[in-house]
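Counting the sequence shown from 1 gives a position; the numbering used here is that position plus 473. By construction, the Cβ of each residue, glycine as well, lies at the ideal position given by its N, Cα and C atoms.
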Amino acid sequence: MKDQGQGRLALCECGKLHFTDGSVAVHFEREEFFLFAEAVGRLSAMMKQAPHGSPLNGRAATDVRICH
Numbered sequence: 474m475k476d477q478g479q480g481r482l483a484l485c486e487c488g489k490l491h492f493t494d495g496s497v498a499v500h501f502e503r504e505e506f507f508l509f510a511e512a513v514g515r516l517s518a519m520m521k522q523a524p525h526g527s528p529l530n531g532r533a534a535t536d537v538r539i540c541h
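#1: Quick check: the Cα distance between Val497 and Lys489, rounded to an integer number of angstroms?
#2: Quick check on Ala483: does DSSP put it in helix, strand or coil?
#3: To the nearest angstrom, how far is the alpha carbon of Val499 from that of Leu484?
#4: Taking the alpha carbon of Asp494 as the reference point, which residue from Met520, Gly480, Val513, Ala518 has its own alpha carbon closest?
#5: Would you kindly work out how many angstroms separate the C-alpha atoms of Leu516 and Glu486, rounded to a whole number?
Next comes the structure, spelled out in structure tokens:
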């Protein structure tokens, strides 16, 4: 498991929000960030309700992209 470091957020002069954690950097436009934050909030709420370690069984959004 990765160290529980703390990511950094910065609002740039260009108007984008930059989230950096280690070697990963994500750049959001304002509206993109709000949509992402809302999606993460919904996923967090679903995970809190699911028993530890159990899959969400299709309860996630329909536009799910699996990383592996």
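Taking the geometry as given:
#1: 16 Å
#2: strand
#3: 12 Å
#4: Gly480
#5: 30 Å
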